[in-house]
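Residue numbers (full-length UniProt numbering), protein chains in the order written: chain R, 1 to 168; chain Y, 1 to 168. Yeah, the Cβ is synthetic: ideal placement off N, Cα and C, and Gly gets one too. The structure under discussion appears below in the form of structure tokens.
2 protein chains.
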Amino acid sequence: MKLAEAQQQFIASWGAFGSHWGINRTMAQIHALLMISPDPLSQDDVMEQLNISRGNVNMNIRDLIDWGLVSRILIPGERKEYFSAEKDVWKVATQIIKERKKRELDPMLRLLDQLDNIEGDKKDKHIKQFTETIGNIRKFGQQADRMLDTMVKADENWFLGNLLKLFK
Amino acid sequence: MKLAEAQQQFIASWGAFGSHWGINRTMAQIHALLMISPDPLSQDDVMEQLNISRGNVNMNIRDLIDWGLVSRILIPGERKEYFSAEKDVWKVATQIIKERKKRELDPMLRLLDQLDNIEGDKKDKHIKQFTETIGNIRKFGQQADRMLDTMVKADENWFLGNLLKLFK
DNA sequence: CACTAATTTCTGAAAATATGGAAAATACAA
DNA sequence: TTGTATTTTCCATATTTTCAGAAATTAGTG
């Protein structure tokens, strides 16, 4: 397969993939493009290669920077800003986990804490089912929370090593 | 807190939560409602409690059944169908993992396999960066794939037990 | 069969989201 | 300053997604 074709496919699929994960298509495509680019790219480079407008590129690159997946690169003597993506897949994954945990899991757990105390007859089946469901989701969420925390802090080799032992 | 209020909040948040995860809001809300209902509900019950149209309820319940999260319940003597959600959180989680793996991770890995063989000068930095990125994502994906497989097959207690040992 | 209850599909409308491109703001150099 | 390159914001438009409600289909009943 030719490089150009493979690149196109990868960018397109990464975009589609991302959109199943709450990340918009364009943002994921820009991310894909930067991951396979050996050198940092400018906004104009991205515009040209993906055929999207300046405003769109700008917004999405800013989001990627917020997510900690892309960083600004200043090239001495150049006035333009350049951008480069983290290329270590482990770091990309833990960064995404960290952010999503903060934005989604943590608030959900806080809500579940609040919902845990219901007034009324504990024997009522509606109350019983509700508190039981909430309680179980909470317990599960807390486990997941701890596991993800450890994972984010961990070193890749340590993690994979232990994991392999576990899942032999 | 009153039960009714807590239920409302849970349903609303579960809906919002789901929409970050490629599951549409209504579908997640119906799922939430069924999880906290002690008895199976009919389409009309769901319509009434969530204020959504018959068509919408029908479509989304069908999707939930496809995902393996909800099952049809036939009550003898009753002509209506009733629906009930899996309430074991571990089963819910593994079911979702299983489905998403099948729908997203597996196709992505298949694509990456294809993209691994690029024609051209292996010294070219574009080719080098591309094959390296693809290769790393692939390796990572395969690890995740194996881990999720094990997890899906595993029993909850075994899994959590081992996990706790690992993440102490 | 015919009649009715219940489910499913379909369609256009509405809401939400993404996008392009111009205009405004900023940064830098002379 | 002033002029120019670059980035960022803004908002009208396009696209996608969600949704209600009607129509069509299916299944149960006498």
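Residue contact check for Lys-91 (chain R) against chain Y: no CB pair falls below 8 Å. Approximately 17 Å separates the beta-carbon atoms of Ile-97 (chain R) and Met-35 (chain R); this is outside 8 Å, ruling out the contact. In terms of beta-carbon proximity, Met-47 (chain Y) stays away from the interface with chain R, with every pair separated by 8 Å or more. Looking at the DSSP output, Arg-25 (chain R) bridges to nothing. Residues of chain R with a Cβ closer than 8 Å to the Cβ of Met-1 (chain Y) are, in chain order, Gln-114, Leu-115, Asn-117, Ile-118, Glu-119. Counting the other CB atoms within 10 Å of its CB gives Ser-53 (chain Y) a total below 16, which places it among the exposed residues. At least one CB atom of chain R sits nearer than 8 Å to the CB of Lys-125 (chain Y). Look at Arg-79 (chain Y) here: in three-state DSSP terms it is coil, with no helix or strand label. Residue-level contact by beta carbon holds for Gly-22 (chain R) and chain Y, with a gap shorter than 8 Å. One Cα belongs to Leu-33 (chain Y), the other to Ser-19 (chain R), and the distance between them is close to 26 Å.
Think of a sphere of 9 Å around the beta carbon of Ser-53 (chain Y): no beta carbon from chain R falls inside it, the nearest being about 25 Å out. Contact annotation for Lys-87 (chain R) against chain Y: Thr-133 [CB-CB distance below 7 Å, chain order]. Residues of the segment 97 to 111 of chain Y with a C-beta atom less than 7 Å from some C-beta of chain R are Glu-104, Met-108, Leu-111, listed in chain order. With at least 16 other beta carbons inside 10 angstroms of its own, Gln-7 (chain R) counts as buried. The beta-carbon of Ile-75 (chain R) is placed no less than 8 Å from the nearest beta-carbon of chain Y. Going by beta carbons, His-31 (chain Y) and Leu-74 (chain Y) fall outside the 8 Å limit. The Cβ-Cβ distance between Leu-69 (chain R) and Glu-86 (chain R) falls below 8 Å. One finds Thr-133 in chain R with Cβ atoms closer than 7 Å to the Cβ of Met-35 (chain Y), taken in chain order.
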